[in-house]
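Inspection log for the structure reproduced underneath, given as structure tokens.
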Amino acid sequence: MGKTAFITGINGQDGSYLAEFLIEKGYTVWGILKRNSVAENQTYRIDSIRNNPNLHLSYGDLIDLASLVHVLQKCQPDEIYNLAAQSHVRISFDQPIYTAQVTGIGTLNLLEAVRLACPKARIYQASSSEMFGNNIDADGYQRETTALSPVSPYGCAKVFSHNICCNYRNSYNMFISNGILFNHESPRRGSNFVTNKVAKEAAKIKLGLSQKLVLGNMEATRDWGHAKDYVRAMWMILQHDTPDDFVCATGISHSVQYLVDYVFGLLDLDVNQYVETDPRYLRPEELRDLKGDCTKMKTALGWKPEYTFESMMKEMVDYWMDFYTKK
Ligand code: NAP
Ligand code: G4F
């Protein structure tokens, strides 16, 4: 019989790709949706599998422990992927308490629900490179051993979740692994994250639908990979024989300025004519540079990315050109 997986955040960028990936592998997939007043907005990322008999959706929320216990008792999963979060770093400065409740305490709720309902299930926790803050090893990379020193409420909440997962792994002998993932993107990325904001606005400018792209910090650098490569990594982490922590990254980083130059170059647009900066997009404390060393993922699990930064950005620009051309 095939395995059963439970995904929090199933309608997010990663959750939607992961659900498709697992269904393709023969899993039965359960997921929770946070209630939204506009029902149509909830499932558009999982439209392709919405009517698949192996997909089960129910309402649930990371800050509602009972909802988690009920669904876990019903589905009795072999694997749990905790991807739900208030995941926007800039917004975490506007809503620090809510972010701590969902992105931090929400994970603890899930761990307690698992202890009550299905303690043998394997758990994947979506940890983040944002947890490193501005700590960089002497060779310029962050890795599993780099000290955690977050510079945002989101990063602080993720550190809590990361640490409580290690604590439950050691205290209760649970199979819990943390994937410390660096930035990963796709056409399904929220369009208020910088890659998709740039791809979308550049396409609109090209088609005469917009005149300006306004950004914040152009000097920050990020290690950007593709979400499809990273959900495959999540699954590989849970197939490993022991629970552990793994960094997942491409090892190549670019500045926001380079991202803009690259995307505008693809569309033959003049950056100086269309791009402006505004302090409203800056963060009270900035995370300057991220570049991950994923040697452990490569050697222990045999993972390697299939997309490059260039092929990923081209896919995102093509998506938006197509979207606005058909509109
Ligand atoms: P995303 O697109 O923002 O998806 C977040 C998901 O969480 C959405 O499905 C959202 O539902 C759901 N959610 C939010 N609050 C919830 C709550 N209280 N209860 C239940 N569900 C809730 O994020 P992503 O890019 O897919 O990232 C997946 C996970 O990886 C997140 O935990 C993120 O912090 C982490 N991460 C992401 C990256 C990255 O670069 N993408 C890197 C490292 C770690 P609604 O859409 O209905 O609100
Ligand atoms: O796309 P971003 O908002 O992603 P950020 O802050 O790095 O966070 C993402 O990656 C984390 C992993 O490291 C995840 F844990 C987290 O959930 C999320 O997925 O910003 C990237 C960079 C930042 O330095 C930001 O200051 O782009 C800079 N930036 C410049 N102008 C901008 C903008 N970011 C956004 N969102 N919007 C701008 O206009």
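Numbering (my numbering), first residue to last: 1254 to 1580.
Positions of the beta carbon are idealized from the N, C-alpha and C atoms, including for glycine.
Heavy atom of the ligand NAP within 8 Å of Glu1293 beta-carbon: Taking the sequence shown and counting its residues from 1, the one referred to as residue 1293 is at position 40. Not so, every heavy atom of the ligand NAP lies at least 8 Å from the Cβ.
The ligand G4F heavy atom lying under 8 Å from the CB of Lys1411: Locating residue 1411 in the sequence shown gives position 158, counting from the first residue. Answer for Lys1411: yes, Cβ within range of the ligand G4F.
Per-residue DSSP class, three states only, for Arg1475: Along the sequence shown, read from residue 1 onward, the residue named residue 1475 stands at position 222. It is a strand residue.
Distance between Lys1549 and Thr1495 (C-alpha atoms, nearest Å): Against the sequence shown, residue 1495 aligns to sequence position 242. Against the sequence shown, residue 1549 aligns to sequence position 296. Near 14 Å, if we compare the C-alpha coordinates of Lys1549 and Thr1495.
Segments of 3+ residues assigned as beta strand (DSSP E) that fall wholly inside the stretch 1451-1537: 1466-1468, 1498-1501 and 1528-1530
Nearest to Gly1555 (by Cα), restricted to the options Ser1439, His1493, Tyr1407 and Gln1295: Your numbering for residue 1555 matches position 302 in the sequence shown. Minimum Cα distance to Gly1555 is reached at His1493.
Thr1360 (DSSP reduced to helix, strand or coil): For the purposes of this step, residue 1360 is identified with residue 107 of the sequence shown, where counting begins at 1. Thr1360: helix per DSSP, three-state reduction.
Local conformation of Tyr1334 per DSSP, three classes: Walking along the sequence shown from the start, residue 1334 turns up at place 81. If DSSP states are grouped into helix, strand and coil, Tyr1334 belongs with the strands.
Helix, strand or coil at Ile1263 [DSSP, three-state]: Translated into the one-based positions of the sequence shown, residue 1263 becomes position 10. Looking at Ile1263 - three-state DSSP - the assignment turns out to be coil, as it is neither helix nor strand.
Among Gln1378, Asp1542 and Asn1449, the one whose alpha carbon lies nearest that of Trp1488: Translated into positions along the sequence shown, residue 1488 becomes position 235. Closest by alpha carbon: Gln1378.
Backbone CA spacing between Leu1275 and Gln1526 [nearest angstrom]: Taking the sequence shown and counting its residues from 1, the one referred to as residue 1275 is at position 22. Taking the sequence shown and counting its residues from 1, the one referred to as residue 1526 is at position 273. Their Cα atoms are separated by approximately 45 Å.
Exposed unless 16 or more other CB atoms sit within 10 angstroms - verdict on Met1254: Walking along the sequence shown from the start, residue 1254 turns up at place 1. Exposed, by the Cβ-count rule.
Ile1260 to Phe1576 span [Cα, whole Å]: Indexing the sequence shown from 1 puts residue 1260 at position 7. Indexing the sequence shown from 1 puts residue 1576 at position 323. Approximately 28 Å between the Cα atoms of the pair.
Rounded distance between the beta-carbons of Asp1546 and Gly1504, thought under 8 Å: Within the sequence shown, residue 1504 is the residue found at index 251, counting from 1. Within the sequence shown, residue 1546 is the residue found at index 293, counting from 1. Between Asp1546 and Gly1504 the Cβ distance is about 6 Å, and since that is below 8 Å, they are a contact.
Pair within 9 Å by beta-carbon distance, Gly1443 and Tyr1534: Sequence index remark: in the sequence shown, residue 1443 carries index 190 (1-based). Sequence index remark: in the sequence shown, residue 1534 carries index 281 (1-based). Not closer than 9 Å, so no.
Cα-Cα separation between Gln1339 and Leu1543, rounded to whole angstroms: Numbered from 1 along the sequence shown, position 86 holds the residue referred to as residue 1339. Numbered from 1 along the sequence shown, position 290 holds the residue referred to as residue 1543. About 20 Å.
Residue span of the alpha helix (DSSP H) that contains Ser1414, given as start and end: Residue 1414 sits at position 161 when you count from the first residue of the sequence shown. That run of the alpha helix (DSSP H) goes Pro1406 to Tyr1425.
Same chain, Cβ closer than 7 Å to Arg1586, five either side skipped, listed in chain order: The chain is shown from 1254 up to 1580; residue 1586 falls before or after that span and cannot be answered.
Pocket of the ligand NAP defined by Cβ to heavy atom distance under 5 Å: Gly1262, Asn1264, Gly1265, Gln1266, Asp1267, Lys1287, Asp1314, Leu1315, Leu1336, Ala1337, Ala1338, Ser1340, Val1355, Ala1379, Ser1381, Leu1434, Asn1436 and His1437
Through-space distance from Lys1481 to Tyr1270, alpha-carbon basis: The count along the sequence shown starts at 1 and reaches residue 1270 at position 17. The count along the sequence shown starts at 1 and reaches residue 1481 at position 228. Roughly 6 Å separates the two Cα atoms.
Straight-line gap, Arg1303 to Gln1295 (C-alpha atoms, nearest Å): Counting from one through the sequence shown, the residue named residue 1303 turns up at place 50. Counting from one through the sequence shown, the residue named residue 1295 turns up at place 42. Going from the Cα of Arg1303 to the Cα of Gln1295 covers about 11 Å.
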